[in-house]
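For the sequence shown, the numbering used here begins at 355 and goes up steadily by one. Idealized CB from N, CA, C, for every residue including glycine. All values derive from a computational prediction rather than experimental measurement. Worksheet: one structure, shown below.
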Amino acid sequence: MGLKPEISELQEELTSWRRELHMHPELAFEEEKTSDFVAMKLEEFGLEVHRGLAHTGVVGILKSGNESGASIGLRADMDALPLAEETNLPYASRVEQKMHACGHDGHTTMLLGAAMHLSEHKNFDGTVYFIFQPAEESAGGGEVMVKEGLFDLFPMDAVYGMHNWPGMPVGEIAVRSGPVMAASDTFFVTVTGKGGHAAMPHLGIDTVVVSAQIVSALQTISSRIADPADPVVVSVTQIHGGDATNIIPEQVELAGTARSFSAATREMIEPMMRRIINGICQAHGASAEITYERGYPATINSDLETDHAAQAASRLLGPDNVRRDKGPSMGSEDFAYMLEKKPGSYIWLGAGEDRAQLHSPHYDFNDEILPIGVGYWSALVEDQLPKAS
Ligand SMILES: [Zn+2]
Ligand SMILES: [Zn+2]
C-alpha cells in the first residue's frame with residue numbers, strides 16, 4: 355500500500371503543529387496548554403472529547419458505522435523533560451529548563467494527525483479512542499488514567515502505543531512480542547559506621563570502604579545470582595559521603611536503579627539487595643537503612659496484537675522494513691500500566707540513524723517521520739476495524 359498521498363501531503367501541517375508544541379513544553383501533570391491544543395484540534399475534527407482523566411489527560415472518541423462493535427485505543431504521551439535545550443533551532447523551547455527531548459511533541463502530533471485523517475475518511479467500522487496521556491516520564495500519568503477509569507469509561511478491545519527511536523532508520527518499524535521495555539525500580543541506601551580521623555581508621559568504622567564493597571557486590575545480582583538468560587541491571591548512580599580528606603564520614607548515601615523484565619526476577623532483586631548490603635555491613639560492624647521503591651512495571655506486548663501491529667506496519671512500509679528481531683530495551687515506559695489491563699502492542703518508529711539520543715539536550719524530533727506515524731495509526735485502525743464491504 356505504501357503511504358497514502360493524502361497523508362504525505364500533511365507533512366507541512368503536521369510539522370507546524372509539532373514545532374508549536376515543541377516551543378511550549380510542559381512537565382508532568384502540568385500539560386494545560388498542550389491538552390488545550392489537543393482538545394481544540396480534536397473538536398475541530400468533529401470528535402467527541404473527554405477531558406480530566408489524570409488531570410490533563412484527553413480522550414478523543416471517533417465512531418464510524420456501528421456494525422462490528424469493535425473498538426481500539428491509540429495512545430500518545432504529552433509531557434516534556436526538565437532539561438535546558440541546546441539545539442539552537444529556530445523552534446527550540448521557549449521555556450527555561452523544559453524541553454521536549456523525548457519526542458512526545460511528535461507522538462502527540464502523529465496521533466492528532468491520525469485523528470484528522472480518520473475523521474475525514476472514516477474508512478473503518480467501530481470506535482477509535484485517541485488517548486493523550488500526561489506524565490509519562492516519571493510520574494506515571496498512564497497509571498493514573500487507568501486508575502481513574504480509562505478502560506471503564508472507554509471499553510476497548512486493545513490498546514496500542516509507539517515511540518520514536520533515534521538510531522533506527524527512517525521508514526523502519528520495530529515490533530516485538532513479549533517484554534519490550536523493563537520494569538524500573540529505585541533504591542536508596544544509607545550506610546552508617548563510625549566517623550573519625552582518617553589517619554586512625556582502626557578507631558572508626560569506615561563507611562567509604564563498606565560502600566565501595568556494596569557497589570561491587572551489588573553487581574553480582576546480575577552476574578552471579580540472576581539467570582543469565584533473564585536480564586537484570588542494578589546500577590548505583592549516586593554516592594554521597596565525606597567533606598574532607600582527613601575525616602572518615604559517619605554516613606555514606608547510595609542510590610540507583612534496578613531494571614528487569616520477568617516478574618520473578620523483579621521480585622528477587624530487593625531481598626537479594628538487602629541480603630548483600632546487610633551482610634557486608636554486618637561484616638564490618640556498620641549498619642544500613644534501605645528503601646526500595648517499585649516504579650513502572652515491564653512493558654509486555656501480547657502476541658496477537660503484536661502480529662496486528664506488524665501487519666499494519668508491513669502494509670505501510672513493506673515487510674522488509676518491519677523488524678521483528680530488535681531486542682528489548684532496559685528503559686521503561688508507563689504504557690506498561692495500560693498493557694497490564696488490555697492486550698496491545700508498543701512499537702518503535704525509526705527516527706533516523708544519525709540523530710541525537712532521547713533525553714539529550716541536542717535531541718531534535720525528526721519531522722520527516724510524522725506522516726509515517728500517522729500512516730501507521732491509520733493502517734492499524736483500518737486493519738483492525740475493517741469496514742464491511
Ligand atoms: Zn523519555
Ligand atoms: Zn518518551
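Rounded to a whole number of angstroms, what is the C-alpha to C-alpha distance between Lys323 and Ile602?
-> Nothing about residue 323 can be read from this structure; the chain reaches only from 355 to 743.
Taking the alpha carbon of Glu643 as the point to measure from, which residue in Gly406, Thr544, Pro444 and Leu712 has its own alpha carbon closest?
-> Each of Gly406, Thr544, Pro444 and Leu712 was checked against the Cα of Glu643, and the nearest Cα belongs to Thr544.
Just checking my contact of Asp467 with Asn518 at CB under 8 Å: how many whole Å lie between their CB atoms?
-> It is Gly, not Asp, that sits at residue 467 in the sequence shown. Actually they are not in contact, since the Cβ atoms of Gly467 and Asn518 sit about 14 Å apart, beyond 8 Å.
Answer yes or no: the CB of Glu643 versus the heavy atoms of ligand 2, is any distance below 7 Å?
-> Short note on Glu643: C-beta not closer than 7 Å to any heavy atom of ligand 2.
If we ignore side chains and look at the alpha-carbon of each, how far apart do Tyr646 and Val606 end up?
-> Between Tyr646 and Val606, the alpha-carbon positions lie close to 17 Å from each other.
At least 3 beta-carbon pairs within less than 8 Å: the segment 516 to 533 vs the segment 695 to 714 | In short, these stretches touch, since the Cβ pair count reaches three.
Check whether the Cβ atoms of Gly558 and Val588 sit closer than 8 Å, and answer yes or no.
-> Cβ atoms of Gly558 and Val588: not closer than 8 Å.
By the 10 Å Cβ neighbour count, where 16 or more other Cβ atoms means buried, how is Ser577 classified, buried or exposed?
-> By the beta-carbon neighbour count (other beta carbons within 10 angstroms, threshold 16), Ser577 is exposed.
Output the distance between the C-alpha atoms of Leu437 and Leu504, rounded to the nearest integer angstrom.
-> Computed Cα separation, rounded: 30 Å.
Straight-line Cα distance separating Glu621 from Ile575 | Approximately 12 Å, taken between the alpha carbons.
Near Met684, which residues of its chain fall below 6 Å by C-beta distance, leaving aside the five closest residues on each side in sequence?
-> When the five nearest sequence neighbours on each side are left out, the beta carbons in the same chain lying within less than 6 Å of the beta carbon of Met684 are those of Ala536, Val587 and Arg613, in order along the chain.
Which residues have their C-beta within less than 6 Å of a heavy atom of ligand 1, listed in chain order?
-> Result: Cys456, Glu491, Leu712 and His713.
Along the chain, which unbroken stretches of the alpha helix (DSSP H) at least 4 residues long are found entirely within the segment 449 to 521?
-> Every alpha helix (DSSP H) stretch that sits fully inside the segment 449 to 521 and reaches 4 residues is listed by chain position as 458 to 475, 495 to 501 and 504 to 507.
Unbroken beta strand (DSSP E) runs of length 3 or more, entirely within the segment 389 to 416: which are they?
-> Listed in chain order, they are 402 to 405.
Answer yes or no: the CB of His458 versus the heavy atoms of ligand 2, is any distance below 7 Å?
-> For His458, the shortest C-beta to heavy atom distance toward ligand 2 is below 7 Å.
Check whether the Cβ of Asp718 sits closer than 7 Å to any heavy atom of ligand 2, and report yes or no.
-> Not under cutoff, so the answer is no.
Roughly how many whole angstroms lie between the Cα atoms of Asp708 and Pro715?
-> The straight-line gap separating the alpha-carbon atoms of Asp708 and Pro715 is approximately 15 Å.
Tell me whether Asp390 counts as near ligand 2, meaning its Cβ is closer than 7 Å to at least one heavy atom of that ligand.
-> Within 7 Å of the C-beta of Asp390 there is not a single heavy atom belonging to ligand 2.
By the 10 Å Cβ neighbour count, where 16 or more other Cβ atoms means buried, how is Gly427 classified, buried or exposed?
-> Answer is buried; the Cβ neighbour count reaches 16.
Specify the secondary structure class of Asn655 as computed by DSSP and reduced to three states.
-> Collapsing the DSSP output to three states places Asn655 in a strand.
Ile593 - partner residues in DSSP beta bridges = Answer is Leu608, bridged to Ile593.
Quick one: does the C-beta of Asp431 sit closer than 7 Å to a heavy atom of ligand 2?
-> At least one heavy atom of ligand 2 sits closer than 7 Å to the Cβ of Asp431.
Comparing alpha-carbon positions, which option in Val590, Phe719, Ala663 and Leu734 lies nearest Thr540?
-> It is Val590.
Helix, strand or coil for Pro625, going by three-state DSSP, please let me know.
-> Pro625: helix per DSSP, three-state reduction.
Where DSSP assigns a beta bridge to Ala721, which residues make up the other side?
-> Residue identity differs from the one stated: residue 721 is Asp in this sequence, not Ala. Asp721 pairs with nothing; no bridge assigned.
To which residues does DSSP link Glu647 through a beta bridge?
-> Thr540.
Hey, how far is the Cα of Asn675 from the Cα of Tyr730?
-> Their Cα atoms are separated by approximately 13 Å.
What span of residues does the alpha helix (DSSP H) with Ile426 cover, start to end?
-> Here Ile426 belongs to no alpha helix (DSSP H); instead the beta strand (DSSP E) covers Ser425 to Asp431.
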